[in-house]
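Peer 1:
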Amino acid sequence: MQTVQDVAALRAAIRGWRAQGQTVGFVPTMGNLHAGHHSLIKLARARADRVVASVFVNPTQFGPNEDFERYPRTLAQDQAGLAEHDCDLLFAPEVATIYPFGAAHSVSLRVPQITEVLEGAHRPGHFDGVATVVCKLFNLVQPDIAVFGQKDFQQLKVIERMVRDLSLPVKVVAAPTQRAEDGLALSSRNQYLGPEERARAPLIHETLLQMRDLVAKGHAWRVVEQAAASKLERAGFVLDYAVVRRAEDLAEPAEGEREGLVALIAARLGATRLIDNLSFD
Ligand code: PAF
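Taking our numbering, the leading residue of the sequence shown gets 11, the next gets one more, and so forth.
#1: Expressed to the nearest angstrom, what Euclidean distance is found between the alpha-carbon atoms of alanine 63 and phenylalanine 101?
#2: Any idea if histidine 115 is buried or exposed, counting beta-carbon neighbours within 10 angstroms, 16 or more meaning buried?
#3: Under the assumption that phenylalanine 255 contacts glutamate 262 (Cβ atoms under 8 Å), give the Cβ distance between them as a whole number of angstroms.
#4: Could you check if alanine 9 is buried or exposed, using at least 16 other CB atoms within 10 Å of its CB as the buried criterion?
#5: Near ligand 1, which residues have their beta-carbon less than 6 Å from any of its heavy atoms, given in chain order?
#6: Which full runs of the beta strand (DSSP E) of 3+ residues lie inside the stretch 180–237, going along the chain?
#7: Given this structure, state the Cα-to-Cα distance separating glutamine 12 from histidine 95, to the nearest angstrom.
#8: Given a threshold of 16 other Cβ atoms within 10 Å of its Cβ, counted over all protein chains shown, does proline 153 qualify as buried or as exposed?
#9: DSSP beta-bridge partners for threonine 39?
#10: Is the distance from the Cβ of valine 140 to the Cβ of glutamine 71 below 8 Å?
#11: Please confirm whether leucine 119 and threonine 142 have their CB atoms less than 8 Å apart.
#12: Would you check if the distance between the CB atom of alanine 252 and the CB atom of alanine 239 is smaller than 8 Å?
#13: Between which two residues does the beta strand (DSSP E) harbouring isoleucine 275 extend?
#14: Short of 7 Å in beta carbon distance, which residues of its chain neighbour leucine 303, apart from the five on each side in sequence? Order them along the chain.
#15: Distance check for valine 117 and phenylalanine 111, CA to CA, integer angstroms please.
#16: Since leucine 99 sits in a beta bridge, which residues does DSSP pair it with?
#17: Please report the residue range of the alpha helix (DSSP H) in which phenylalanine 163 lies.
#18: Could you give the C-beta distance for valine 234 and alanine 277, rounded to a whole number, given that I count them as a contact under 8 Å?
#19: Using DSSP with H/G/I as helix, E/B as strand and the rest coil, what is isoleucine 155?
#20: Just reading off the beta strand (DSSP E) that arginine 255 is part of, what are its end residues?
#21: Taking DSSP's pairing of strands, which residues face isoleucine 285 in a bridge?
#22: Helix, strand or coil, according to DSSP, for valine 127 in the structure here?
What follows is the structure, encoded as structure tokens:
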């Protein structure tokens, strides 16, 4: 696997593949890769002739209280994992390559409405940074397909909307959430859980399954949300949200609406904030 930092080298590699009529799959990441990321690479591998991954810790998606500087940078380990999973090329640019005028002075994209709720409400500006960097990376790599994990459900929906609204010529592919045996969704943040917190963390997935069952049994979604909140709070989680939403736009479902729903949870265990979701269909 080749690793490139600059745009000219990235474009030269991709031009070579394109000249041979090969398709390109893309997996954008912020590094500190685990089995969840590797499953995205595998999916891209199955759907495209060539696979490009990026590792870029994007400053514009971090809020003032979220520590951009302390985000784990594990490039050598990431390179080894990507090579092992048959990635063809790693793009690992400097901040100045992605933001030539500085992150604070860059063009910024805003995907309205869907970014204003849930994660967007708890992390103001976060999705503007995500949409901006993903659009920039799409322009650089110009992939045929790009793979995003369903674990970050709202991010996936934001990217889908951006792609459709800006008519970007890339197909967004959703990859299923990878879970530990006890149900905990794989995430870089799991490494910050102490042993006792790690043992409690699967309750999030258990609660999502219960929310799905209660909705299927005909319970009103507001009641289901209250039951989920009490269950998690009783177990010591500090809840940001535990909600049932319409999967398409994350709006509140209408009374009696049963199709196309998703349950989403964000909660803190000690200092670690975990998110997860479960689509009902
Ligand atoms: O999901 C992530 O790791 C990031 O939000 C992404 C999509 C790579 C953009 O920086």
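For every residue, glycine included, the Cβ atom is placed at its ideal position computed from N, Cα and C.
Peer 2: This is what the structure holds:
#1: 6 Å
#2: exposed
#3: With the sequence shown as reference, residue 255 is identified as arginine, and phenylalanine is not the correct amino acid for it. Arginine 255 to glutamate 262, Cβ: 7 Å. Contact.
#4: Residue 9 is absent from the model: the chain starts at 11 and stops at 291.
#5: Pro38, Thr39, Met40, Asn68, Gln71, Val140, Val143, Val144, Asp162 and Gln165
#6: 181–185
#7: 13 Å
#8: buried
#9: Val65
#10: yes
#11: yes
#12: yes
#13: 271–279
#14: As shown, the chain starts at 11 and ends at 291. That puts residue 303 outside it, with no answer to give.
#15: 9 Å
#16: Gln12 and Val62
#17: 163–175
#18: Not a contact, Cβ separation roughly 16 Å.
#19: strand
#20: 248–256
#21: Ala276
#22: coil
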